[in-house]
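Engineer:
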DNA sequence: CTCCAATATCGAAACATTCAAATAATTCAA
DNA sequence: TTGAATTATTTGAATGTTTCGATATTGGAG
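Chains as they are written, first to last, in this note's numbering: chain A, 1 to 106; chain B, 1001 to 1106.
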């Protein structure tokens, strides 16, 4: 399977959850620390920590340690690339994959 | 949890898989029947059928029966709405969720 | 160093997803 | 109606995800 599908799917999977999508929305206007995010949700601290790790490992969120706090922020270039990749897959293309591929190599 | 997150997450989950993402890409230039899709993949017919059902239930793909064949096509309005919803969550907002919400209602 | 606050990791239970083999259903043609 | 082609559903095993309580780690205050 082509890498673009694998990479894009990995990012999508990270945000294909209402909680994590809301976290992304909350981070869209600036960085927040774990405690601020935790206040807004009905989940335990370990659960939030796990969700942040999923977002970080997908490359969507960056973390920054400052004293006892960890601040999270969106990686806007990654999100922009994700949107562009999706746009490319959703719209018709002159060199469409459906016209040039036989059985795949997966 | 607000409905926009639930709905968006459901669609994202449907395409957060390299196979299904590739299927969407293949359908982007026009409808294809199950057999045509099957030719391009190394999966069994039941697996493809299952994946198509996931896409249909998420509202991303429409199916149309014609004789013995089922033709699948993208629902472009749903995809456009998905892209718009994502754009709204990724970019900063004047009325940001992080400034008006206390503990949630989930 | 010791304690506390903030965050991360571990371990386990519950639940969901994936995928293929077997089988069923649908449609057309003869 | 029978048979062949195409697609859908069921079943079950393997795997992955979610979430929590318990515990560990990290950094600053005293």
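Think of the CB as a built atom: it goes at the ideal place given N, C-alpha and C, for glycine as much as any other residue. None of these values were measured; they are calculated from a predicted model.
Anyone know if the C-beta pair for residue 23 (chain A) and residue 37 (chain A) falls short of 8 Å?
Structural biologist: A contact, by the Cβ cut-off of 8 Å.
Engineer: Can you pull the chain A residues whose beta carbon is under 8 Å from the beta carbon of residue 1021 (chain B), in chain order?
Structural biologist: 5, 8, 9, 12 and 89
Engineer: If you measure from the beta carbon of residue 24 (chain A) to each beta carbon in chain B, is any gap under 8 Å?
Structural biologist: yes
Engineer: Assuming residue 27 (chain A) contacts residue 61 (chain A) under a Cβ cut-off of 8 Å, what Cβ separation, rounded to an integer in Å, is found between them?
Structural biologist: 7 Å
Engineer: Which ranges would you report for the beta strand (DSSP E) in the region 67-98 of chain A if only whole runs of at least 3 residues count?
Structural biologist: 69-74
Engineer: Which residues in the same chain as residue 1101 (chain B) place their Cβ atom closer than 7 Å to its Cβ, once the five residues preceding and following it in sequence are excluded?
Structural biologist: Unreliable positioning characterises residue 1101 (chain B) in this predicted model, as indicated by a pLDDT of 47, which lies under 50. The coordinate reading is nonetheless provided below. Excluding positions up to five away in sequence, the list is empty.
Engineer: 8 Å is my cut-off, CB to CB: does residue 106 (chain A) come that close to chain B?
Structural biologist: Residue placement at residue 106 (chain A) is flagged as unreliable, the pLDDT there being 40, under the threshold of 50; the coordinate-derived value follows with that caveat. Chain B, which has a Cβ nearer than 8 Å to the Cβ of residue 106 (chain A), makes this yes.
Engineer: Using a beta-carbon distance cut-off of less than 7 Å, what residues from the region 28-56 of chain A approach chain B?
Structural biologist: Result list: 28, 29, 32, 39, 40, 41 and 42.
Engineer: Against chain B, with Cβ distances strictly below 8 Å, would residue 16 (chain A) count as a contact?
Structural biologist: Judged by the 8 Å Cβ criterion, residue 16 (chain A) is in contact with chain B.
Engineer: Rounded to whole angstroms, what is the Cα-Cα separation between residue 48 (chain A) and residue 34 (chain A)?
Structural biologist: Computed Cα separation, rounded: 8 Å.
Engineer: Would residue 1083 (chain B) and residue 84 (chain A) be called neighbours here (beta carbons separated by less than 8 Å)?
Structural biologist: no
Engineer: By Cβ distance, which residues of its chain are closer than 6 Å to residue 64 (chain A), with the 5 residues on each side in sequence left out?
Structural biologist: 71.
Engineer: Listed from N- to C-terminal order along the chain, which residues in the region 1053-1084 of chain B have their beta-carbon within a distance smaller than 9 Å of any beta-carbon of chain A?
Structural biologist: 1074, 1076, 1079, 1080, 1082 and 1083
Engineer: I believe residue 1012 (chain B) touches residue 77 (chain A) by the beta-carbon criterion, under 8 Å. Please report the beta-carbon distance rounded to the nearest angstrom.
Structural biologist: With 8 Å as the limit, residue 1012 (chain B) and residue 77 (chain A) do not qualify as a contact, their Cβ atoms being about 20 Å apart.
Engineer: Can you look up residue 17 (chain A) in the DSSP assignment and give me helix, strand or coil?
Structural biologist: coil
Engineer: For residue 32 (chain A), list the residues DSSP reports as bridge partners.
Structural biologist: A:72
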